[in-house]
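Letter by letter, the sequence shown follows residues -18 to -1, 1 to 730 in mature numbering (1 follows the signal peptide of the UniProt record, and there is no 0). C-beta atoms are modelled at their ideal positions from N, C-alpha and C, and glycine is treated no differently. Quantities reported herein were computed from a predicted structural model and do not represent experimental measurements. In what follows, a structure is listed as structure tokens, so that the remarks can point back to it.
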Amino acid sequence: MKQLIHIFVFLFSAIIFAQNDTLSKKDLKVGLVLSGGGAKGLAHIGVLKEIEKAGVRVDYIGGTSMGAIIGALYASGYTAHQLDSIFNELDFETLIRDDVPRRAKTFYEKEDDEKYALTFPFDDFQLRFPSAISKGQNVYNLLSRLLLHVKDVEDFNDLPIPFLCIATDVEKGKQVVLNKGYLPRMIAASGALPSLFSPVNIDDTIYVDGGVVNNYPIDEVKALGADIIIGVDVQDTLRSRDKLKSALDVLLQINNYRTIEGMAKKRKKTDVYINPKIDEFSVVSFDQGRKIIEAGENAANDISSQLNNIALQQKPKQKVPITFADNTSIFIDNVLVTGNENYTSSYILGKLKLKTPSLVSYQDFSDGVNNLSTTGNFNGIDYTFVNNPEKEDHYVLHFDVKESNFKTSIRLGAHYDNLYKSAALINITRKRLITNNDIVSLDFIVGDNIRYNFNYYIDKGYYWSIGLNSKFSFFEKNIGLDFIEGEIEIPEDFQLNKIGLTYEDLTNQLFLQTVFRRVFQLGLGAEHKWLKYLSETIGLDEDNNPRTLFENTNYFSAYGILKYDTLDNKFFPSSGMFFDGDFHWYLFAEGLNNDFEPFSIAKAKAGYAHRFNSKISGNISTEGGLKIGSTTTSSLDFLLGGYGYVPTTNLIPMFGYEALELRGDTYLKTTVNLDYEFARKNHLVLSGNIANVGDDLFGNGDWIKKIQYSGVSLGYGLETFLGPMELKYSYSPDSGESIWYVSAGFRF
């Protein structure tokens, strides 16, 4: 009997030992499933930090939307702590909205962005609305940079960790597993949240967010060969009516019906289910990123014993060192553009501000791509960096664009100031009217003073571009008698100190211009200007009507301009510099000015802005102009005063004075602004300016003798989608008078 017991114990021990030996040799393959959830997906980073702390080796990753983005970066070799640092430094508002820094825009785009409040496609006389808030170009640029080290990986099974993501085929309404191709473009397609990001076109298939059909790809990850699944669920729950406050909230609620219903079954298939406590956050709570990441850490820490147990069942595996492309610049030898039919390569490179071969910073390159995107001429912009086999760390840029079919748009704006008064702008813009790269635009401005501005421009990028401009300005203004001093004899018994002035200006220009060194614009052209101003307050005309015609002459000139502008904001600058130089040579005239003799006018303005801290910035500018040659023509004198209007001819704003109050053929002016941004986009601005204005100031030395005119201003400004809204109180120590300025909306 004892012998039988010993035999049984021996056999049992052998079986247990064999089982333990088998268990010790088993190497669990771990699959990680990361759901979509917008900003809530940042919790994935916190979970990954705890997974790494436990020593769990992740063998396969599948994700959707934000889960695809985090998952792809982790699969490419980034550690959880690296991802934590990357995402904590991002400005998500800029990233999502595809905002292009002003310094990166071409001069043409700057002028457009600072004039129109709303833009709508208008082909076939049908008003359309944008398909999404953002094209997602900033996101794509970021992913392309972060994943440059795996740019040559076509099969995602060849990544350091095999990876897949889910997107939705819009036309078929079915899921597509993306596991091959250019990784940044695939995960951008997986995260194209409807209404927030535009659909992504890949090989003639249109994709949107994979969360529409499969927000938790557990079956797909299991199929890769995973023995055990760790799943992180950051999806939204269904919300009550009081929390559905926007169209986006309702859209997301509808989208969640299917995914929440399907999660009941998928959760049962998940071996380790992690559901961070993030109900207080929304899919756009990117400003709460730090808290969301911490919520992920806490949720994973609560099941740390399970993670530790999994790690014990895995064999150690030496990690292959990853070499990241962490340099801030890239050397581009050449650019190959495909997909363009109507827009030339030179046009595209001009918008990119890219000349090759050259060393280009990632920031400048990203800004250039966004600048190209914001033209509205392209539905898709894809690019890849390909190693130049002949030169180490040099690249050939392959650029593939998908041109937009939209040619016509309607743009709207509104403005009020003390000179032109109320105005509404209606613009119609047509692209590719006569030839490729051309654009024709007509502003029609109605309100207290009717005006127009017509432009035709053939954009050749870095080559010389050609354009035609015609604009008409009109306003009526009460002005002081100093304005007409010397032009007519004022009766001694004249009782008024101001007269009514009607001012008309028609300017036509034919010009050539080019951009050099990426930031300078040089222009040359010929100009016709018709000036007419009169008063019905003083004098009598030939028909014995109360009217005096001061000017009615056509002037013809040649001109040149030079511009440089890196200001971050035209209206409330906090960094950057600018220069604007203009030289006009007036050759002949026809009309009322019978005494005309050729003369020139030169003027220039330069400025600098600097941010002292997060709320306070300052900027200073200095400018001047003078007439060279004959003094027989006074109607093109400089006219200073007022604020908030778009400059016309030689009208120059100045605090402390009304528009057109100061006049002379020479002027010098310096302005200093101190800007306190006490709340986001809310500005309190203290300003001061000094000036000398008169005739022949350099000839008689009056420009340096003393300061003739000065003014100070305190104002409030608010940045809105309609443009800046400003109210300023101004005072001039010289006259002892105060003036209120109101300027609302973009200036045109």
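Rounded to a whole number of angstroms, what is the C-alpha to C-alpha distance between residue i and residue j?
i, j, result
"Gly646", "Tyr445", "39 Å"
"Asp253", "Ser556", "53 Å"
"Met48", "Ile256", "16 Å"
"Tyr537", "Leu450", "17 Å"
"Glu719", "Tyr439", "45 Å"
"Lys97", "Phe728", "5 Å"
"Leu5", "Lys301", "With a pLDDT of only 40 at Leu5, under 50, the local geometry of the prediction cannot be trusted, and the value read off the model is given with reservation. Rounded to whole angstroms, Leu5 to Lys301 spans 23 Å at the Cα level."
"Lys154", "Tyr698", "53 Å"
"Tyr568", "Lys511", "10 Å"
"Ser17", "Gly278", "13 Å"
"Asn280", "Tyr56", "20 Å"
"Ala540", "Leu494", "12 Å"
"Leu141", "Gln296", "20 Å"
"Ala641", "Leu621", "8 Å"
"Asp137", "Tyr398", "58 Å"
"Thr702", "Lys663", "8 Å"
"Phe561", "Phe502", "9 Å"
"Asn370", "Ile275", "39 Å"
Secondary structure at residue i, three-state DSSP: helix, strand or coil?
i, result
"Asp261", "coil"
"Val12", "strand"
"Arg414", "coil"
"Ser348", "helix"
"Gln491", "strand"
"Thr88", "coil"
"Thr702", "strand"
"Thr76", "helix"
"Ile274", "helix"
"Asp716", "coil"
"Gln157", "strand"
"Trp446", "coil"
"Val29", "helix"
"Tyr537", "strand"
"Asn353", "helix"
"Lys250", "helix"
"Phe680", "helix"
"Tyr658", "strand"
"Tyr546", "strand"
Given a cut-off of 8 Å, decide if residue j and residue i are closer than it, judged by their beta-carbon atoms.
i, j, result
"Phe456", "Glu486", "yes"
"Thr496", "Leu504", "yes"
"Val159", "Ile148", "yes"
"Gly244", "Thr46", "no"
"Ser423", "Thr101", "no"
"Ala208", "Ile33", "no"
"Gly44", "Val203", "yes"
"Phe570", "Lys609", "no"
"Gly573", "Thr530", "no"
"Thr604", "Ala584", "no"
"His26", "Val190", "no"
Can you give the beta carbon distance from residue i to residue j, rounded, assuming they're within the 8 Å contact cut?
i, j, result
"Ser714", "Gly693", "5 Å"
"Asn123", "Lys384", "Actually they are not in contact, since the Cβ atoms of Asn123 and Lys384 sit about 17 Å apart, beyond 8 Å."
"His376", "Tyr365", "With a Cβ gap of about 16 Å, His376 and Tyr365 do not count as contacting."
"Gly600", "Glu708", "Contact flag wrong, Cβ pair sits at about 17 Å."
"Phe436", "Lys453", "7 Å"
"Ser267", "Ala21", "5 Å"
"Leu65", "Ile52", "7 Å"
"Ala99", "Gly429", "Not a contact, Cβ separation roughly 15 Å."
By a C-beta neighbour count over all protein chains shown, 10 Å radius and 16 as the cutoff for buried, is residue i buried or exposed?
i, result
"Asn353", "buried"
"Thr357", "buried"
"Ser612", "exposed"
"Arg84", "buried"
"Asn196", "buried"
"Ser340", "exposed"
"Asp594", "The question names Asp, yet the displayed sequence has Phe at residue 594. So Phe594 ends up on the exposed side."
"Asn290", "exposed"
"Trp722", "exposed"
"Ser712", "buried"
"Ser311", "exposed"
"Tyr658", "exposed"
"Ile211", "buried"
"Lys87", "buried"
"Arg110", "exposed"
Quick check: does the Cβ of residue i come within less than 7 Å of any heavy atom belonging to the ligand NAD?
i, result
"Ala726", "You won't find the ligand NAD in this model; it holds no ligand whatsoever."
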